[in-house]
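J.: Quick note: the sequence shown, position 103, residue 103 per the working numbering, numbers continuous. The beta carbon of each residue, even a glycine, is placed where N, CA and C say it ideally should be.
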Amino acid sequence: MHMIPNDVESTAEVLLRASRVLVAVAARSFADVDDVTLPQFRALVVLTRPSAVTVGDLAEALDVRPSTATRLCDRLERKRLVKRNPGAPPDRRETQVSLTASGRRLVALVTGRRSRDIAAIAASMTPAECAHAVKGLSAFATAAGELPIDPFGWSDFASTGRASSR
């Protein structure tokens with residue numbers, strides 16, 4: 001039987017339980033990635049944005065100082081996961097950072113594992129439960145400041161019982 005929260009405290013408790021599952025899925029998907037720390041991986045994910053990302057943008061997204069983001073980019077560049085393209089004016093904070101093919105493959109590998117694990121969990125839920133989860137978690141992500149996007153086709157899963165092939 002599923003608990004339906006009717007107040008903020010109950011909602012927080014349910015979201016905390018769900019977050020433990022999501023953290024476990026994230027940790028498992030990242031478990032055999034060698035030589036890349038979780039903060040470095042977070043930076044790689046930020047760099048998957050469709051628009052150009054500067055070192056300053058990266059610092060803001062990761063909530064770190066620009067000098068910290070610069071050092072993070074130094075490490076990722078040495079690992080050949082990112083490349084830098086000088087911006088105009090030639091200010092290191094205006095330098096654009098992008099993923100290399102290796103960086104894109106690493107992000108795809110880890111997010112693919114996460115997506116498969118989450119889809120396996122969702123597959124054990126009814127279509128109605130999936131629809132409620134999508135609606136509730138979308139509202140939660142929006143309230144937290146996340147853009148309301150659906151990169152893995154969860155809306156399709158909730159309505160059809162099948163994941164999208166996007």
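Do you know offhand how far CYS130's Cα is from VAL46's?
T.: Along the sequence shown, one-based indexing puts residue 130 at 130. Along the sequence shown, one-based indexing puts residue 46 at 46. Computed Cα separation, rounded: 27 Å.
J.: Under a three-way DSSP split, which group does THR54 fall into?
T.: As a position in the sequence shown, residue 54 is number 54, starting the count at 1. Three-state result, THR54: strand.
J.: Does DSSP put LYS135 in a helix, in a strand, or in coil?
T.: Locating residue 135 in the sequence shown gives position 135, counting from the first residue. If DSSP states are grouped into helix, strand and coil, LYS135 belongs with the helices.
J.: Could you pull the start and end residues of the beta strand (DSSP E) that VAL82 belongs to?
T.: Here residue 82 corresponds to residue number 82 of the sequence shown, with the count starting at 1. Per DSSP, VAL82 belongs to the beta strand (DSSP E) from 82 to 85.
J.: Who does ALA97 pair with in a DSSP beta bridge?
T.: In the sequence shown, counting from the first residue as 1, residue 97 sits at position 97. Residue 97 is actually Val in this sequence, not Ala. Bridge partners of VAL97: VAL53, ARG84.
J.: What ranges does the alpha helix (DSSP H) occupy inside the region 11 to 51, keeping only unbroken runs of at least 4 residues that lie completely in it?
T.: 38 to 46
J.: Spatial neighbours of ARG80 within its chain, please: C-beta separation below 7 Å, excluding the five flanking residues on both sides.
T.: As a first step, residue 80 is located in the sequence shown; it is residue number 80 there, counting from the start. Closer than 7 Å at Cβ, skipping near neighbours: THR100, SER102.
J.: Just to confirm the assignment, what range does the alpha helix (DSSP H) spanning SER67 have?
T.: Working through the sequence shown from its first residue, we reach residue 67 at position 67. Per DSSP, SER67 belongs to the alpha helix (DSSP H) from 66 to 78.
J.: Should LEU16 be labelled buried (16 or more other beta-carbon atoms within 10 Å of its own) or exposed?
T.: As a working note, residue 16 is residue 16 in the sequence shown. Burial state of LEU16 is exposed, judged by a 10 Å Cβ sphere holding fewer than 16 other Cβ atoms.
J.: Count the other CB atoms within 10 Å of the CB of SER124; is the residue buried (16 or more) or exposed (fewer)?
T.: For this step, residue 124 is matched to residue 124 along the sequence shown. SER124 comes out exposed.
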